[in-house]
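Numbering (this note's numbering), first residue to last: 685 to 781.
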Amino acid sequence: MPAVVKSILASAHPHALAGCTSMHDLIVVPTPIPQPPYDVVAVRAPGSIHQPPKGLVRIEHLSTTGHNDTIDKPTTDAIPLFWRFMTEKFGVHPTRS
């Protein structure tokens with residue numbers, strides 16, 4: 685999870701995303717933050733109620749429509765998977781304007 689946060693801060697658009705943590709997970713939304721309800725992307729951590737199997741990272745798009753997406757990948761793929769979700773769900777790319 686710290687690597688994901690570092691990649692956001694190092695991206696071309698660190699202010700295009702807002703985040704907070706639940707007890708265990710990183711929850712990310714685009715900025716400006718819309719009025720609720722709104723979609724979020726969750727990066728699940730060990731200890732999460734929705735934790736991934738050992739050695740994997742789980743990233744979920746939680747949609748207000750209920751059409752959620754969840755992908756589990758090896759932890760080495762956490763950053764590319766996170767940015768895939770940001771690009772596909774919110775249109776925020778780490779390097780493009």
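All residues carry an ideal CB built from backbone N, CA and C; glycine is no exception.
Model, not experiment: these values are computed from the prediction.
| query | result |
| --- | --- |
| For the beta strand (DSSP E) containing LYS757, list its first residue and its last residue. | 753-758 |
| Kindly identify the DSSP beta-bridge partner or partners of PRO714. | LEU701 |
| So, with DSSP's three-state summary, where would you put ARG780? | coil |
| Measuring only the C-alpha atoms, how far is ALA726 from ILE717? | 15 Å |
| Looking at ARG742 and THR754, is the spacing between their C-beta atoms short of 9 Å? | yes |
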